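Notes to accompany the following structure.
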């Protein structure tokens, strides 16, 4: 386990955990919601297998992403995509409706929902984590194994943290921009050309990426927040005695 | 209820919430005529992705279940004290939703517990009570 002693390893691990927690909170919600209708004795099994399926699928997706990112131009595409993901993290949630998959009341249906949902929802994580891992699959697996329990059992804590400190989200956006910037200049096509002309290109691109994501995200969310939403109350049939 | 004071008690099922409610029950025992409303606020969990896989009814059902569970200690305390009350569950940013609910529904007093966290806990989670104190526009009682 010699590689664990290097500082760069732990820096990447911290980055991967931060990405998974920030971008993965909604996965935990889907798992909980998909399993809510199951009879109690099956609920924990549904959550367990849903999580196992989600982890397996995620590692497989990142494995392919790591190979794809070694191809020319794909890091540039990935970097730009990642910047957009960072900006999206800073925006208030859009209220658009989508087609949806039924939660289902059988164990199989619940696990299926969790796994399909994770495949769709984790695409942004996959790009970000693959970028932060810089080609090291061991790092990816380690980061995921640490962060998944945190997401599944700590989602309430993370939600509270983000609710109290919106700054956490801004920092998350900046982190994604930083990774995206570094990714852009490390593409096999761009790397040598840039390295010859610009010293410290990775650092400069990272800082520029972080700044761009934060400025763009704040500007867009400022425009979207202009219309204030009505208070949202959940109707209750059971009122107190009057 | 005529001539009663409309009081909103923001609760989350925690010990400080229980102390806040106890204070309201004491006021009532001392002769105050209070129209008690309990408010539990759920932090929104759904992103566009979540809505893709779960129906809005399912999400609302989740908020209802979580809210009812967090309201339960307060229901038990009020039932035991024989005080009538109304329950509400709202969804949104905690501080903003509590403040807006109190103002928009014309409450004359907001009562809530303060966790009294110190040191690291406070630095990490901050305090909802502190946020409300800074923002609220109706009279506020914080119970420690």
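Chains as they are written, first to last, in this note's numbering: chain R, 38 to 279; chain D, 1118 to 1261.
By construction, the Cβ of each residue, glycine as well, lies at the ideal position given by its N, Cα and C atoms.
The model shown is predicted, which means the values in this text are computed figures rather than measured ones.
Taking 8 Å as the upper bound for CB-CB distance, residue 1132(D) and residue 1191(D) are not in contact here, some 12 Å apart. Under the DSSP definition of a beta bridge, residue 271(R) partners with 1206(D). Under DSSP, residue 234(R) takes part in no beta bridge, so it has no partner.
For residue 1230(D), the enclosing beta strand (DSSP E) covers residues 1226-1230. Ranked by Cα distance from residue 65(R), the options 109(R), 174(R), 92(R), 227(R) are led by 92(R). Note that the C-beta distance between residue 102(R) and residue 54(R) is not below 9 Å. Nearest to residue 250(R) by C-alpha distance, out of 225(R), 236(R), 218(R), 240(R), is 218(R). Chain-order list of chain D residues neighbouring residue 200(R): 1160, 1210, 1211, by C-beta distance under 7 Å. Straight-line measurement puts the Cα of residue 127(R) at about 27 Å from the Cα of residue 1206(D).
An exposed status is given to residue 226(R), since fewer than 16 other beta-carbon atoms sit within 10 Å of its beta-carbon. Under the criterion of beta carbons closer than 8 Å, residue 213(R) and residue 119(R) qualify as touching, at roughly 6 Å. It is roughly 30 Å from the alpha-carbon of residue 1176(D) to the alpha-carbon of residue 1136(D). Close to chain D, meaning a Cβ-Cβ distance shorter than 8 Å, are the following residues of the region 151-184 of chain R: 153, 154, 157, 158.
Exclusion of the five residues before and after residue 245(R) leaves 218 as the residues of its chain whose Cβ lies within less than 6 Å of its Cβ. Every alpha helix (DSSP H) stretch that sits fully inside the region 1128-1203 of chain D and reaches 4 residues is listed by chain position as 1132-1146, 1165-1170, 1173-1198.
The beta carbon of residue 1256(D) sits closer than 8 Å to those of 1225, 1226, 1227, all from its chain and outside the five residues before and after it, given in chain order. Annotation: the continuous alpha helix (DSSP H) that includes residue 117(R) extends over 111-127. Between residue 1207(D) and chain R, the shortest Cβ-Cβ separation is below 9 Å.
Residue 215(R) sits away from residue 144(R), with the two beta carbons spaced by 9 Å or more. A check of alpha carbon separations from residue 1170(D) across 177(R), 272(R), 69(R), 224(R) identifies 69(R) as the nearest. The residues 1125, 1227, 1255, in chain order, have a CB closer than 6 Å to that of residue 1219(D) in the same chain once the five nearest residues on each side in sequence are set aside.
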